[in-house]
Amino acid sequence: MATASYFELLCQAQPEIISDDRAHQRALRTVDMLMKKSRLTKAEGKLLDLLAKLVDDYEETIYPTPDVPPARILRHLIDAKQTTQAELARQTGVSRSTISEVLKGKRSISVENAFRLAKYFHVEPTLFLTRP
Numbered sequence: 303m304a305t306a307s308y309f310e311l312l313c314q315a316q317p318e319i320i321s322d323d324r325a326h327q328r329a330l331r332t333v334d335m336l337m338k339k340s341r342l343t344k345a346e347g348k349l350l351d352l353l354a355k356l357v358d359d360y361e362e363t364i365y366p367t368p369d370v371p372p373a374r375i376l377r378h379l380i381d382a383k384q385t386t387q388a389e390l391a392r393q394t395g396v397s398r399s400t401i402s403e404v405l406k407g408k409r410s411i412s413v414e415n416a417f418r419l420a421k422y423f424h425v426e427p428t429l430f431l432t433r434p
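In this note's numbering, the protein residues as written are 303 to 434.
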C-alpha cells in the first residue's frame, strides 16, 4: 500500500475554515481517525497540525480558553486525577521526560500529545496548546 502524499491527503480531507458545527464535526472525525493510528507519516502529521489549528480557531470563537499556561493546566489535571507522571506516560504514550519538561516549562506540548492528553483527561485538546 502506497503512502499518500500531503497533497493527496488534502484532496481527501478538503480542510477549510470551520464556520459551523457540521464542518467542526467533520474535522474532528478526521482528527480522531488520525489519532487512532499508531504512527503518522510526515504528511499525516502535517494534516493533523492543520486540522488542529482549524479546530482550535473555531473552538476559540465559541469557547474562549482562559489565559492559563498549558503546563499549569496539565499540573492541575494530574493533581485532580491523583495520578503520577509515570502513570500518565504509560496511559497516553507521551514520554515521561516530555511530561516532566512540560511541567518545568522547558517544552511546549505538541499537537499530537495534546490530543493524547485530552483523550486521557476527557478535555479539549486546545487546553494544552500554547496560544499566541
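For glycine and all other residues, C-beta sits at the position ideal for the given N, C-alpha and C.
Identify, in the order they occur along the chain, each residue of the same chain with its Cβ nearer than 8 Å to the Cβ of L376, setting aside the five sequence neighbours on each side. Around L376: I401, V404, L405, I411, L419 and F430.
Residue burial classification, A388 (beta-carbon count within 10 angstroms, cutoff 16): A388 should be labelled exposed.
Our contact map puts L353 next to Y308 with C-beta atoms below 8 Å; I'd like the distance itself, whole angstroms only. With a beta-carbon spacing of about 13 Å, L353 and Y308 fall beyond the 8 Å limit used to define contacts.
Neighbour-count burial assignment, P262, 16 or more Cβ in a 10 Å radius: The shown model of the chain, from 303 to 434, leaves out residue 262, and the question about it has no answer.
Alpha-carbon to alpha-carbon, R374 and A306: Cα to Cα, the separation comes out at about 38 Å.
Residue from L330, G395 and A345 with nearest C-alpha to T428: Measuring from the Cα of T428, the nearest candidate turns out to be L330.
Reference V357; option with closest CA among A416, V370 and F423: Answer by Cα proximity: A416.
For S402, does the three-state DSSP call read helix, strand or coil? It is helical.
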